[in-house]
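Q: Before we start, here is the structure in question, set down as structure tokens.
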Amino acid sequence: MKPEFLSTYTGFCGQLREASTQLTTACWKVGSPGPPLLGKNGAIQWVSSLQGEEDYLLPSNGGQVYLAGLIWNEKGSKSAFAQTLCQILQGSHFQQLATLVETSAGCYIDTTNTVYLWVGFAASNESVFYRIDNTQLRWSTDPLDLVYEESEIDLWALRRCCHGDDVFIYPQLRRVEQGHLVKITPDRRVTTYQFDRFLPDPHLTARRATIELFVQATQVALQRAMQPLARTTLPIGIMLSGGVGSAALLSVLKQEQVPVIAYHLESPDPAGSEYAFAKMTCEALKVPLQRIEMDTGPQYLSSHGEERWIHPYGHPWARWYQQLAQQAHRDGVRLLVTGGGDDSSFGPELEYSVYAVLSAPMSWREKATMILGMLSTDWNVFDLVRSAWPLPPRQLIGPSSAAGHTSRDRTMRKADFLVPLPPRPRALDDAAVIHAPRFAAQSLAIGQVLEQQGIHLYYPYHDRCVQAISLALPPPYRLIPRLGPLLHRSDIPDQLMNKPVLRLACEKMLPEAVTWRTWSVYTQAPIQQFCLNHPQRLNALLGVDSSLARLGIADPSRLALILSQRALIRENYQTLVASGMVEIFLQQWKRGGPVWE
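In terms of UniProt numbering, the sequence shown is residues 1 to 597.
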């Protein structure tokens with residue numbers, strides 16, 4: 001029997017009380033919940049709204065299994081997969097879960113009402129949350145199922161969401177970490193096991209590095225990450241920007257002969273348009289391209305359809321992801337490939353210095369010539385000298401810039417329309433300090449919105465083989481001077497080339513203008529234009545009647561002043577949109593789990 005992706009399962013939730021031992025199980029479609037399960041013990045499996053009437057609960061002996069995410073089913077049948085899973089859990093052989101559930105999350109309730117919750121290490125959009133109140137245990141992939149009152153929201157975290165930070169707002173909830181399993185016994189004793197983590201490729205760390213070695217390994221790893229897609233029958237799409245990250249994935253899909261539709265979100269503002277590069281890529285690879293114009297009209301910041309946000313999403317692309325999902329749904333696409341994770345996998349991290357070059361496992365000849373290349377940039381020679389000292393070295397790049405530490409890196413984004421707070425340092429998002437894949441509250445939110453259209457996201461850059469290369473990749477191979485010995489290209493305007501290994505890995509498959517493009521377009525242009533063109537919408541959303549004003553976060557009088565001056569709108573446009581998304585979340589907010597009471 002042909003292996004397949006099990007993509008039916010979108011989430012699960014459950015409850016166990018002390019009073020009863022009888023379990024109720026149910027299988028509901030997304031958007032079509034069944035009747036409330038008043039006071040009962042049990043769990044619910046959510047499946048895609050696109051499935052037929054068949055009961056999709058996994059058959060198993062000695063317990064019940066619930067899943068969420070993408071499962072690569074090598075067993076060829078659901079019953080065989082579930083049986084293998086049960087045997088692993090019953091025998092406490094948790095390490096064997098690593099490759100079986102790498103991109104998914106799950107729950108298993110055995111015959112003694114012991115609950116096992118786990119999250120695969122590469123499950124980028126799947127998480128499991130739980131809470132224990134006295135003897136009552138509840139768990140869910142949707143945190144709103146476990147939040148009872150608005151007072152349980154962390155207002156400081158909510159404030160940070162208004163600034164566009166990627167933070168989790170439900171402090172009462174416990175979360176199963178990626179690559180971990182949590183076992184909860186009937187007496188509510190909690191034990192945590194780590195069953196998986198990604199490690200550097202030993203073949204790349206056991207010898208002196210060369211960029212050619214990493215390029216060859218990257219080519220092989222990307223092919224391996226795409227091989228499951230070559231064997232699935234699911235219609236596949238890819239989110240194609242104008243950058244090298246998504247273009248590289250599309251070239252591998254084409255190489256593996258996977259039928260695919262490319263989707264490009266086109267900015268209505270020429271300053272933010274990458275369409276020419278997306279078109280160039282698709283024409284070279286002979287792949288159909290769907291061009292979707294970004295909605296920047298008055299409805300940009302509003303609730304569309306019946307979607308429900310399970311967490312604030314402070315990224316300005318929320319509406320455009322909805323547009324993309326709607327188009328993909330019309331095209332019959334069920335699996336959407338994303339280039340997310342390419343920057344953290346192959347681009348510069350928080351450390352880049354002369355000391356990083358000197359301490360890297362490279363030949364001294366290569367180190368010397370790379371440092372000469374660094375002298376060809378506009379980095380100050382005194383900064384270069386200071387960055388050679390190990391205790392600690394001065395870093396030449398910051399968390400949000402490849403050009404050096406700035407005040408913006410250390411402070412929250414400008415939001416003059418919010419109630420003023422005393423100055424406080426900005427805590428970096430996990431995205432800046434934790435190597436991918438990682439938990440991200442915003443990814444959780446957008447993944448859930450896409451699943452309402454029956455679409456799952458797949459992150460090839462979070463694949464085990466790709467991450468093994470990333471973890472072994474020395475900092476000097478993440479950012480290279482364009483006139484250095486490893487990459488001498490005088491035709492590139494930028495002095496530094498990020499993601500050089502990824503670019504070299506796909507340079508023979510993509511147009512040169514796409515592979516070696518380093519200059520960026522102003523992707524924020526359509527967002528700024530929306531704020532400038534629709535201040536009335538922003539005032540209606542964030543003004544005196546808003547939830548943010550009621551909570552003491554937004555200041556309506558300060559908002560009116562900001563919206564009356566175009567210069568101030570330009571200074572605050574990012575946080576105006578982020579706060580608008582938080583307000584939409586609060587307006588839609590309601591307890592998500594009334595099925596139990």
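Just so you know, even glycine gets a beta-carbon here, dropped at the ideal spot from N, CA and C. Just so you know, these numbers come straight off a predicted model, no measurement behind them.
Could you tell me which residues DSSP pairs with Cys161 in its beta bridges?
A: Note: Cys161 sits in no beta bridge, so no partner.
Q: Going along the chain, which residues of its own chain have a beta-carbon closer than 6 Å to the beta-carbon of Tyr461, five neighbours each way excluded?
A: So the list reads Gly341, Asp342 and Ser345, once near-sequence residues are dropped.
Q: Relative to the C-alpha of Leu548, which residue among Cys161, Ile132 and Tyr66 is closest?
A: If we check each option's Cα against that of Leu548, Cys161 comes out closest.
Q: By how many angstroms is the C-alpha of Pro202 removed from the C-alpha of Leu324?
A: Distance between the alpha carbons of Leu324 and Pro202 is about 39 Å.
Q: Distance, Cα to Cα, Ala368 vs Leu253?
A: About 38 Å.
Q: Compute the Euclidean distance between the alpha carbons of Leu350 and Gln395, then round it to the nearest angstrom.
A: Cα-Cα distance, rounded: 8 Å.
Q: Are there 16 or more other CB atoms within 10 angstroms of the CB of Ser407, so buried, or fewer, so exposed?
A: Bear in mind that the predicted position of Ser407 carries a pLDDT of just 42, short of 50, making it too unreliable to give a figure here.
Q: Report all residues from its chain with a CB closer than 6 Å to the CB of Gln22; omit the five preceding and five following residues, and keep chain order.
A: Counting only Cβ-Cβ distances below 6 Å, and skipping sequence neighbours, we find nothing.
Q: Where does Gln326 fall in DSSP's three states?
A: Gln326: helix per DSSP, three-state reduction.
Q: Take Ile153 and list the residues in its own chain whose beta-carbon comes closer than 6 Å to its own, dropping the five residues that flank it on each side.
A: Ile169, listed in sequence order.
Q: Counting along the chain, where does the beta strand (DSSP E) carrying Lys29 start and finish?
A: Note, Lys29: beta strand (DSSP E), Leu23 to Lys29.
Q: To which residues does DSSP link Trp139 through a beta bridge?
A: BP columns for Trp139 point to Gly14 and Tyr130.
Q: Helix, strand or coil, according to DSSP, for His203 in the structure here?
A: His203: helix per DSSP, three-state reduction.
Q: Apart from the five residues just before and just after Glu293, which ones in its own chain have a Cβ nearer than 7 Å to its Cβ?
A: Here the set comprises Glu266 and Pro268.
Q: State the DSSP-derived secondary structure class of Ala318, mapped to helix, strand or coil.
A: Note: Ala318 maps to helix in three-state DSSP.
Q: If you check the beta carbons only, do Tyr355 and Ile397 fall under 8 Å apart?
A: Not a contact, by the Cβ cut-off of 8 Å.
Q: Considering only the alpha carbon of each residue, which of Trp516, Gly62, Gln90 and Trp46 lies closest to Gly69?
A: Selected option, being the one with the closest Cα: Trp46.
Q: Tell me whether the stretch 82-91 and the stretch 131-146 touch, counting them as touching only if at least three CB pairs, one residue from each stretch, are closer than 8 Å.
A: Flag = no, the stretch 82-91 and the stretch 131-146 do not touch.
Q: If you count every other CB in all the chains shown that lies within 10 Å of the CB of Arg478, and 16 or more means buried, which is it?
A: When all chains shown are included, Arg478 counts as buried.
Q: Given the structure, does Ser547 come close to the ligand SAM, in the sense that its CB is under 7 Å from one of the ligand's heavy atoms?
A: Judged by which ligands are present, the structure shown has none, so any question about the ligand SAM falls away.
Q: Could you check if Gln574 is buried or exposed, using at least 16 other CB atoms within 10 Å of its CB as the buried criterion?
A: So Gln574 ends up on the buried side.
Q: Please list the terminal residues of the continuous beta strand (DSSP E) segment that includes Pro481.
A: Element bounds for Pro481: Leu479 to Pro481.
Q: CB-CB under 7 Å to Asn572, same chain, minus the five flanking residues each way: which ones, in chain order?
A: Excluding positions up to five away in sequence, the list reads Lys414, Ala415, Asp416, Phe417 and Ile562.
Q: Taking DSSP as the reference, what is the three-state secondary structure of Ala440?
A: Ala440 falls in the coil class under three-state DSSP.
Q: Taking DSSP as the reference, what is the three-state secondary structure of Arg208?
A: Note: Arg208 maps to coil in three-state DSSP.
Q: Round the Cβ separation of Asp196 and Phe81 to the nearest angstrom and send it over; I've been treating them as touching at under 8 Å.
A: So it is not a contact: roughly 18 Å between Cβ atoms.
Q: How would you label Lys286, buried or exposed, when you count the other beta carbons within 10 angstroms and need 16 or more for buried?
A: Label assigned to Lys286: exposed.
Q: Please classify Phe382 as buried or exposed, where buried requires at least 16 other C-beta atoms within 10 Å of its C-beta.
A: Looking at its Cβ environment, which holds fewer than 16 other Cβ atoms inside 10 Å, Phe382 is exposed.
Q: If you draw a straight line from the C-alpha of Glu177 to the C-alpha of Ala505, how long is it?
A: Rounded to whole angstroms, Glu177 to Ala505 spans 32 Å at the Cα level.
Q: Taking the alpha-carbon of Val337 as reference, which of His311, Ala276, Thr84 and Leu250 has the nearest alpha-carbon?
A: Answer by Cα proximity: Leu250.
Q: According to DSSP, is residue 616 helix, strand or coil?
A: Residue 616 lies beyond the residue range present for the chain, which begins at 1 and ends at 597; the question has no answer from this structure.
Q: With DSSP collapsed to three states, give me the class of Arg386.
A: Reduced to three states, the DSSP call for Arg386 is helix.
Q: Specify the secondary structure class of Ile584 as computed by DSSP and reduced to three states.
A: Helix.
Q: One question on the structure: do Glu451 and Thr103 come within less than 8 Å of each other, judged by their Cβ atoms?
A: No, the pair does not count as a contact, with Cβ atoms beyond the cut-off.
Q: Taking DSSP as the reference, what is the three-state secondary structure of His534?
A: His534: coil per DSSP, three-state reduction.
Q: Please report how far the alpha carbon of Thr64 lies from the alpha carbon of Tyr108, in whole angstroms.
A: The question names Thr, but residue 64 is Gln in the sequence shown. Cα to Cα, Gln64 sits roughly 6 Å from Tyr108.
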